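Trainee: Okay, here's the structure, questions in a sec.
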Amino acid sequence: MPNARSRFRKLHVSKGFVVASLALVAAIGFAALAMPHFAFRSQAQSAEIVRLEHENEQLLAQSQSFQESLDGVAEQIDIAETRTQILSKALGVESETTPAAGGPGGRSSSRSPLASVHGELDILRQRSDTLGQSISLLDEAFQGRISRLASTPLGMPAEGWFSHGYGWRKDPFGGNRQFHRGIDIVNSTGTPIIATADGVVSRAVRVSDYGKTVDISHGLGFVTRYAHMSEILVRPGQQVRRGETLGRVGSTGRSTGPHLHYEVFRDGRRINPWKYLDLGRS
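Taking the working numbering, I'd label the letters of the sequence shown as residues 242 to 523.
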């Protein structure tokens, strides 16, 4: 019977081989365990990339829309600046507006879209501030013109027809040559007499030659006088507006019949009212 010990052979395995085998098995096990994690992470990263790409597209669309809005605002400011310059020249006001430089529509390709938008916004703010200053100056000038116009005697102080003008004439009482210091407007007694400009009643009293008389101080050196009234309807110190009734036509004082004697003063000197009657008609 063969020897039983001869069936077995002695297998020599190195320690290094055993360690390597164990390491390989461990690596395979780790990979098997880690693979689902990395697969999930890869899917999450892919979803994040898709989301970021979508957000980027939205931001680009918003950026384009915002740029179009900026261009529209810049165009409106251009129009306003042009109109402001025209009005400034008409009113004799020095315009604060200056030609635009580097505004919307002129972006540099080396700048990021966000930086470009911020730059354009700054330019638009500066132009808007300057435009606001110009409009304030125009408003001040315009209000001054309105105030001067309101204080300037314009138009007819009463309805009627002219019997005597400003200048030399024959005195109706003595026949002597006499300088007539106003104009006479004839109409029936009781015809309304109106203020030819805004002002303050400085005198409302009966005067010997003028009869019942009203003087109005208008500012800018202007004073108007309305004489020979039959009735005075205002009092000293009263504020009156152009077109407001001051009294009624009469024949008080040194007068040959019902009429209004009208005078205009500028800086204390009588001037010809015809010029201002004509301005009121134009």
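For each residue, glycine too, the CB sits at the ideal point set by N, CA and C.
Nothing here was measured: the structure is a model prediction, and the numbers come from that model.
If you draw a straight line from the alpha carbon of Ser304 to that of Val291, how long is it in whole angstroms?
Mentor: Along the sequence shown, one-based indexing puts residue 304 at 63. Along the sequence shown, one-based indexing puts residue 291 at 50. Ser304 and Val291: Cα-Cα distance of roughly 20 Å.
Trainee: Going along the chain, which residues of its own chain have a beta-carbon closer than 7 Å to the beta-carbon of Glu298, five neighbours each way excluded?
Mentor: Counted from its first residue, the sequence shown places residue 298 at position 57. Within the same chain, Glu298 has no close Cβ partners at all.
Trainee: Are Val334 and Leu379 close, meaning C-beta to C-beta below 8 Å?
Mentor: As a working note, residue 334 is residue 93 in the sequence shown. As a working note, residue 379 is residue 138 in the sequence shown. Their beta carbons are under 8 Å apart, which means Val334 touches Leu379 by this criterion.
Trainee: Just to confirm before moving on: does the CB-CB distance between Ser443 and Pro394 stay below 8 Å?
Mentor: By one-based count along the sequence shown, residue 443 stands at place 202. By one-based count along the sequence shown, residue 394 stands at place 153. Result no, Cβ atoms of Ser443 and Pro394 do not sit closer than 8 Å.
Trainee: Provide the residue(s) that pair with Tyr503 in DSSP beta bridges, ordered along the chain.
Mentor: Residue 503 sits at position 262 when you count from the first residue of the sequence shown. Answer is Ile424, Tyr467, bridged to Tyr503.
Trainee: What is the DSSP secondary structure of Leu487, counted as helix, strand or coil?
Mentor: By one-based count along the sequence shown, residue 487 stands at place 246. Residue state, collapsed to three classes: strand.
Trainee: Going by the CB atoms, is the gap between Gly491 and Gly452 shorter than 8 Å?
Mentor: Numbered from 1 along the sequence shown, position 211 holds the residue referred to as residue 452. Numbered from 1 along the sequence shown, position 250 holds the residue referred to as residue 491. Their beta carbons are under 8 Å apart, which means Gly452 touches Gly491 by this criterion.
Trainee: Note down the Cα distance separating Glu400 from Ile327, rounded to an integer number of angstroms.
Mentor: Here the question's residue 400 lines up with position 159 in the sequence shown. Here the question's residue 327 lines up with position 86 in the sequence shown. Going by the C-alpha atoms only, they are around 39 Å apart.
Trainee: In angstroms, rounded to a whole number, what distance separates the CA positions of Ala468 and Thr486?
Mentor: Here residue 468 corresponds to residue number 227 of the sequence shown, with the count starting at 1. Here residue 486 corresponds to residue number 245 of the sequence shown, with the count starting at 1. Their backbone Cα atoms lie some 14 Å apart in a straight line.
Trainee: Taking DSSP as the reference, what is the three-state secondary structure of Glu472?
Mentor: Against the sequence shown, residue 472 aligns to sequence position 231. Strand, per DSSP.
Trainee: For Gly347, collect the residues of the same chain with a Cβ closer than 8 Å to its Cβ; drop the 5 residues on either side in sequence, then sort them by chain order.
Mentor: For this step, residue 347 is matched to residue 106 along the sequence shown. The pLDDT assigned to Gly347 is 49, lower than 50, so where the model puts this residue is not dependable; a value taken from the coordinates is nonetheless given after this. Around Gly347: no qualifying Cβ.
Trainee: Are the beta-carbon atoms of Ile426 and Leu501 separated by less than 8 Å?
Mentor: Translated into positions along the sequence shown, residue 426 becomes position 185. Translated into positions along the sequence shown, residue 501 becomes position 260. The answer is yes: Cβ separation under 8 Å.
Trainee: Identify the continuous beta strand (DSSP E) that holds Ala445 and give its terminal residues.
Mentor: The count along the sequence shown starts at 1 and reaches residue 445 at position 204. Ala445 -> beta strand (DSSP E) spans 440–448.
Trainee: Name the DSSP beta bridge partners of His405, please?
Mentor: For the purposes of this step, residue 405 is taken as the residue at position 164 of the sequence shown. Per DSSP, Asp425.
Trainee: Taking all protein chains shown into account, decide if Asp439 is buried (16 or more other Cβ within 10 angstroms of its Cβ) or exposed.
Mentor: Counting from one through the sequence shown, the residue named residue 439 turns up at place 198. Asp439 is buried by the Cβ-count criterion.
Trainee: Which residues share a DSSP beta bridge with Gln455?
Mentor: Taking the first residue of the sequence shown as position 1, residue 455 is located at position 214. The displayed chain sequence assigns Val, not Gln, to residue 455. Val455 is bridged to Ala445, Tyr467.
Trainee: Can you tell me the Cα-Cα spacing of Ile320 and Lys330, whole angstroms?
Mentor: The residue labelled residue 320 in the question sits at position 79 within the sequence shown. The residue labelled residue 330 in the question sits at position 89 within the sequence shown. About 16 Å.
Trainee: Sort out for me which residues DSSP pairs Gln419 with in a bridge.
Mentor: Working through the sequence shown from its first residue, we reach residue 419 at position 178. Gln419 pairs with Arg410.
Trainee: So, helix, strand or coil for Ala341, using DSSP?
Mentor: Here residue 341 corresponds to residue number 100 of the sequence shown, with the count starting at 1. Residue confidence for Ala341 is low, a pLDDT of 46 falling below 50, so the modelled location carries little weight and cannot support an answer.
Trainee: Under the three-state reduction of DSSP, which class applies to Arg482: helix, strand or coil?
Mentor: Position 241 of the sequence shown, counted from the start, is the residue given in the question as residue 482. In the structure shown, Arg482 sits in coil (DSSP, three-state: anything other than H, G, I, E or B).
Trainee: Just curious, the beta strand (DSSP E) that Pro433 is in, first and last residue?
Mentor: For the purposes of this step, residue 433 is taken as the residue at position 192 of the sequence shown. From DSSP, the beta strand (DSSP E) with Pro433 extends over 433–435.
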